[in-house]
Structure formats: structure tokens, C-alpha cells
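K.L.:
Could you have a look at this structure, given as C-alpha cells, before my questions?
Shown next as C-alpha cells:
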């Protein structure tokens, strides 16, 4: 009799444990993101192992954004309970062949301590000088896409201005400019964000008069 009771108790406990495992087991599945809703940070996901099953309104991890959560990109979906497909979150997205690759690559801003790149650099009117902003004590790593800068210049010529652009830009007027200087021997300053070329270089051009330029950086885009 005692043996039968023990067997029944063991069987009951096994069923209970099985039910708990079935209800609470987490699982990660692959899917295809068919739609992203930035206003609610949710997405519609086609589960790959069940090609006709689309789960709507799945929460998306907050580190993703519209540059990465693209149509037809592959994604990893965590189901906190594999028996409850409404209890899930999109953990990550990654390219699906040629689809889902952000072009151009998205950038994130990183702030660093202010650093004087150069001081009182004279640039002749109509000429452009090239400066490398990455490396050294700048805090800007190689491979950075752009920089946060503060620049000021002076000139003995009224109406002078400077242009800033990534090195080798075909049209410097499409990027940043400071000026025109209202009075001779005056000074103008400005701050902004500027692209760099792949080697971390920018060009600065003086216009209408020789310009003496000082540049600081205090962050980068990666």
C-alpha cells in the first residue's frame, strides 16, 4: 500500500513538473521582420519554422531603431513561454542576404573630453588645408564616421568665411560654413557635426581673405 502511494505521488509530481516546464520554458526562434512600428516599438514577425504564421505587435528591444529594424531583415525572437506566442520580444536583427543592410550605415554619437586639434592655423584665401582628427589624445578612434566640433576664425578681410567638409568632398558648399565676417579683424565661432573621410580627415577652406583657424573636437559619430 505504501509502495502504491509512493508511486502515485511520484507520478503526480512528474506531471506537475512537466506542466511547469511546458508553461515556463523560454525559447529563441528565427523570424523575418515584415513591418516595424517606431511609434510603439513593435513589429510584425513571420516565424521561419511556420512560414504561414505572422505574429503581430511583438515588442522590439529598445536598442534597435528604424535604421536597423528594416523590412525583410532576419531577427531573433525570444519567447518567454513557448506556449504563449504573445509573450515575446525581438532581441536582435541581422541582414537577410542583401536585404536588411542599412545603407548608409547608421551612426551613434559618443561624447569625449574637449580636445584642441590645432590652434591659429593660417589658411590662405582660396586654399584648403587638410587635417586628421582621429588618434592621439583626441579620443576619436580610427573608423569614426564624423566628429562634433567647435571652430573659430579671424581674418583681416571683411566678408571672409570658411568652409568645412570631409576630405576630398566634390562640393564643399554642401557641408558646413562659418561667416561671412562682418568686420575686418573680427572673430566668428560655430559648433556642429561634420563627416570625415575613411582616414578621419577633413578639409577647411578660406574664402575672400586669409583666415586664422582654431578647431576643437568633443565627440564623434561611430
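Residue numbers (this note's numbering): 36 to 257.
Quick reminder that beta carbons are idealized off the backbone N, C-alpha and C, glycines included.
#1: Give the straight-line distance between the Cα atoms of residue 117 and residue 123, rounded to the nearest whole angstrom.
#2: Starting from the C-beta of residue 252, find all residues in its chain whose C-beta is less than 7 Å away, skip the five residues before and the five after it, and write them out in chain order.
#3: Measuring alpha carbon to alpha carbon, tell me which of 187, 128, 74 and 229 ends up nearest residue 27.
#4: Which runs of the beta strand (DSSP E) spanning at least 3 residues fall entirely within the segment 200-246, listed in chain order?
#5: For residue 156 and residue 248, what's the separation of their Cα atoms in angstroms?
#6: If we count the other Cβ atoms within 10 Å of its Cβ and call it buried at 16 or more, is residue 110 buried or exposed?
#7: Please report how far the alpha carbon of residue 67 lies from the alpha carbon of residue 139, in whole angstroms.
#8: Considering residue 68, what are the terminal residues of the beta strand (DSSP E) in which it resides?
#9: Could you check if residue 119 is buried or exposed, using at least 16 other CB atoms within 10 Å of its CB as the buried criterion?
#10: Run through DSSP, which three-state label would residue 104 get?
#11: Taking the alpha-carbon positions, what's the residue 143 to residue 234 distance?
#12: Is DSSP giving residue 97 helix, strand or coil here?
#13: Quick check: the Cα distance between residue 179 and residue 103, rounded to an integer number of angstroms?
#14: Look at the alpha carbon of residue 128 and the alpha carbon of residue 136, and state the distance between them as a whole number of angstroms.
#15: For residue 133, tell me which candidate among 125, 105 and 113 has the shortest Cα-Cα distance.
#16: Figure out for me which residue from 73, 219, 218 and 197 has the closest Cα to the Cα of residue 94.
#17: Determine whether the beta carbon atoms of residue 165 and residue 238 lie at a separation below 8 Å.
#18: How long is the line joining the alpha carbons of residue 246 and residue 205, rounded to whole angstroms?
P.N.:
Reading off the structure:
#1: For the purposes of this step, residue 117 is taken as the residue at position 82 of the chain shown. For the purposes of this step, residue 123 is taken as the residue at position 88 of the chain shown. Answer to the nearest angstrom: the Cα atoms are 9 Å apart.
#2: Looking up residue 252 in the chain shown gives position 217. The residues are 150, 152, 168, 173, 175, 182, 183 and 184.
#3: An answer regarding residue 27 cannot be provided, because it is not within the stretch 36 to 257 covered by the chain.
#4: Fully enclosed beta strand (DSSP E) runs of 3 or longer: 211-214, 222-230 and 236-242.
#5: The sequence position of residue 156 within the chain shown is 121, counting from 1. The sequence position of residue 248 within the chain shown is 213, counting from 1. Taking the straight line from one Cα to the other gives about 5 Å.
#6: Reading the chain shown from its first residue, position 75 is the one you call residue 110. By the 10 Å Cβ count, residue 110 comes out buried.
#7: Here residue 67 is taken as the residue at index 32 of the chain shown, counted from 1. Here residue 139 is taken as the residue at index 104 of the chain shown, counted from 1. For the pair residue 67 and residue 139, the Cα-to-Cα distance works out to about 21 Å.
#8: Within the chain shown, numbered from 1, the residue matching residue 68 stands at position 33. Looking at the DSSP string, the run of the beta strand (DSSP E) that includes residue 68 is 62-72.
#9: Your numbering for residue 119 matches position 84 in the chain shown. Label assigned to residue 119: exposed.
#10: What you label residue 104 is simply residue 69 of the chain shown in a count that begins at 1. DSSP places residue 104 in coil when its eight states are reduced to three.
#11: Your numbering for residue 143 matches position 108 in the chain shown. Your numbering for residue 234 matches position 199 in the chain shown. About 18 Å.
#12: Position 62 of the chain shown, counting from 1, holds the residue named residue 97. In the structure shown, residue 97 sits in coil (DSSP, three-state: anything other than H, G, I, E or B).
#13: Numbered from its first residue, the chain shown carries residue 179 at position 144. Numbered from its first residue, the chain shown carries residue 103 at position 68. Straight-line measurement puts the Cα of residue 103 at about 19 Å from the Cα of residue 179.
#14: For the purposes of this step, residue 128 is taken as the residue at position 93 of the chain shown. For the purposes of this step, residue 136 is taken as the residue at position 101 of the chain shown. Rounded to the nearest whole angstrom, the CA to CA distance from residue 128 to residue 136 is 10 Å.
#15: The residue given as residue 133 occupies position 98 in the chain shown. The residue with the shortest Cα to Cα distance from residue 133 is 105.
#16: Here residue 94 corresponds to residue number 59 of the chain shown, with the count starting at 1. Comparing Cα positions, the closest option is 73.
#17: In the chain shown, the residue the question calls residue 165 occupies position 130. In the chain shown, the residue the question calls residue 238 occupies position 203. Yes. Within cutoff.
#18: Start at 1 with the first residue of the chain shown, and residue 246 comes out as number 211. Start at 1 with the first residue of the chain shown, and residue 205 comes out as number 170. As the crow flies, the alpha-carbon of residue 246 is around 22 Å from that of residue 205.
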